[in-house]
Amino acid sequence: MVESEHELTGSRIPGYLKELEQKWPGLAPKYLKSNSLKDQLFKPDYFHINNSGIDGTGIPIDDQEAEGSKEEDNCRFCDTSQTVKRNPREMRVHYGLIASGNKVIKDSILREKLNRDLGGQVLCVEMEAAGLAHNFPCITIRGICDYADSHKNNAWQAHAAVVAAAFAKELLDQVQASDVGREPTAKEILSQIHSTVLQSETNIGEVKRKMDRKEDIEILEWLTPINYGPQQSDNFSQRQEGTGEWLLSSKEFQEWIETGQTLFCPGVPGAGKTILTSIVINELTTRFGHNDTVGIAYIYVQGQSSMPASVKSLYNKHNVNKTRASVEEVSTTIQSIAGLYSRIYIIVDALDELKAIDGCRNRFLEEIFKLQAQCSAKFFATSRFIPGITEMFEGGTTIKIRAHDEDV
Numbered sequence: 001m002v003e004s005e006h007e008l009t010g011s012r013i014p015g016y017l018k019e020l021e022q023k024w025p026g027l028a029p030k031y032l033k034s035n036s037l038k039d040q041l042f043k044p045d046y047f048h049i050n051n052s053g054i055d056g057t058g059i060p061i062d063d064q065e066a067e068g069s070k071e072e073d074n075c076r077f078c079d080t081s082q083t084v085k086r087n088p089r090e091m092r093v094h095y096g097l098i099a100s101g102n103k104v105i106k107d108s109i110l111r112e113k114l115n116r117d118l119g120g121q122v123l124c125v126e127m128e129a130a131g132l133a134h135n136f137p138c139i140t141i142r143g144i145c146d147y148a149d150s151h152k153n154n155a156w157q158a159h160a161a162v163v164a165a166a167f168a169k170e171l172l173d174q175v176q177a178s179d180v181g182r183e184p185t186a187k188e189i190l191s192q193i194h195s196t197v198l199q200s201e202t203n204i205g206e207v208k209r210k211m212d213r214k215e216d217i218e219i220l221e222w223l224t225p226i227n228y229g230p231q232q233s234d235n236f237s238q239r240q241e242g243t244g245e246w247l248l249s250s251k252e253f254q255e256w257i258e259t260g261q262t263l264f265c266p267g268v269p270g271a272g273k274t275i276l277t278s279i280v281i282n283e284l285t286t287r288f289g290h291n292d293t294v295g296i297a298y299i300y301v302q303g304q305s306s307m308p309a310s311v312k313s314l315y316n317k318h319n320v321n322k323t324r325a326s327v328e329e330v331s332t333t334i335q336s337i338a339g340l341y342s343r344i345y346i347i348v349d350a351l352d353e354l355k356a357i358d359g360c361r362n363r364f365l366e367e368i369f370k371l372q373a374q375c376s377a378k379f380f381a382t383s384r385f386i387p388g389i390t391e392m393f394e395g396g397t398t399i400k401i402r403a404h405d406e407d408v
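Counting from 1, one number per residue, gives the positions in the sequence shown under full-length UniProt numbering.
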């Protein structure tokens with residue numbers, strides 16, 4: 001609307017400036033245009049000369065403050081033959097793209113590059129309103145007072161500021177007060193944006209969790225194709241109400257949960273060792289499942305929302321070449337994971353079914369005992385009465401599993 005009015009009847013800015021001169025004559029010398037103001041546009045490859053001792057090639061002025069000496073302000077040592085020849089022009093209001101940044105532009109080469117990168121239609125670069133338009137709908141009114149080159153100075157700054165203020169007044173004259181009253185305030189808009197950002201962060205977080213979970217599953221499948229979760233659910237579903245309560249309430253079990261290191265539960269075949277193991281696992285996950293500082297492992301690790309970095313590193317190391325991790329690498333990785341928790345529970349059912357060929361079973365137990373020594377992990381295991389196994393648990397707490405009246 002203002003642009004159309006300017007085309008039809010001209011701008012009211014000169015009238016506002018005349019009004020300023022009449023009401024506040026003391027401000028006129030500073031803010032109104034005078035013959036001392038020179039509109040000089042130097043060629044892009046000609047840099048400012050700041051004293052008479054510099055040769056004719058010129059030296060670019062580094063990032064000095066805009067407030068310079070009088071010699072700098074009037075470019076008295078610059079070669080006027082290097083200016084771009086233009087006809088005298090009146091004040092003009094431009095409408096278009098204003099670039100925002102966090103740095104004063106005083107380099108003609110950089111100015112031209114920014115203009116090209118942003119489509120060739122940049123009117124100016126400003127700092128004061130940088131990023132404001134990203135927060136709520138607004139327009140920026142900028143009084144252009146230099147050409148963003150090394151010849152930048154403050155000579156036109158005051159006049160440009162008062163012209164911008166005059167244009168703002170002319171623009172506001174076109175706005176009805178009733179229209180303003182119906183518009184949401186900046187505070188309300190920012191509140192809406194804040195809510196949108198929070199929702200976006202929530203959505204992004206959910207997507208990331210799904211992606212992390214997918215990666216976790218790939219790593220777990222690489223470590224072992226066996227998923228013991230369904231097996232645990234199936235075993236636990238077979239227990240009868242009250243089964244295993246004698247074990248959970250026993251002094252030995254309670255001490256193991258809080259302060260003990262090893263609880264070995266041997267029993268004859270059919271005594272219900274597997275069901276009791278599932279009850280122990282359920283007790284631990286119920287008690288500590290929401291505590292991220294407690295790790296619970298029964299073949300696979302659970303209790304952390306994302307795969308530890310050390311496991312990902314081991315996976316990435318071998319996945320490219322389709323190789324398997326060595327026992328030493330797995331052991332080292334488990335030890336590093338253990339350091340992430342304040343408490344760790346390891347539950348293994350049916351040790352007797354782990355083959356003893358080539359010392360596999362003994363090596364497995366040795367690694368667990370080593371982990372216990374380093375991080376005080378709590379180890380619960382069941383087995384049939386096999387001398388080679390029971391001997392390795394000598395000195396620890398043992399509860400023999402046998403049929404109880406309350407177990408069905």
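Virtual Cβ for every residue (Gly too), placed ideally from N, Cα, C.
- For P266, the enclosing beta strand (DSSP E) covers residues T262 to P266.
- Taking 8 Å as the cut-off, the beta carbon of T382 is found closer than this to the beta carbon of L351.
- Three or more Cβ pairs drawn from the region 259-276 and the region 371-385 lie within less than 8 Å of each other, which places the two stretches in contact.
- Burial is judged here by how many other beta carbons sit within 10 angstroms of a residue's own beta carbon; S233 has fewer than 16 and is exposed.
- Annotation: the region 64-143 contains the following complete segments of the beta strand (DSSP E) (minimum length 3 residues), in chain order: 97-100 and 122-126.
- Within a 10 Å sphere around the beta-carbon of S278 sit 16 or more other beta-carbons, which makes this residue buried.
- About 6 Å separates the beta carbon of L371 from that of A338, a gap short enough to meet the 8 Å contact definition.
- With contacts defined by Cβ atoms closer than 8 Å, E126 and S100 form a contacting pair.
- Take the alpha-carbon of K18 and the one of V162: they are about 12 Å apart.
- One thing to note: E252 has its Cβ within 8 Å of the Cβ of T397.
- DSSP, reduced to helix, strand and coil, places A297 within a strand of the structure shown.
- Short of 7 Å from the beta carbon of Q174, and not among the five residues preceding or following it, lie these beta carbons of its own chain, in chain order: M1 and V2.
- For I368, the enclosing alpha helix (DSSP H) begins and ends at C360 to C375.
- When secondary structure is reduced to three states using DSSP, Y16 falls in the helix class.
- By the Cβ-count criterion, N102 is exposed, with fewer than 16 other Cβ atoms from all chains shown falling within 10 Å of its own Cβ.
- Straight through space, the alpha carbons of S336 and S250 are spaced by roughly 33 Å.
- Residue F47 holds the alpha-carbon nearest to the alpha-carbon of D107 among F47, Q157, P25 and I368.
- The C-beta of W24 has fewer than 16 other C-beta atoms within 10 Å across all chains shown, which makes the residue exposed.
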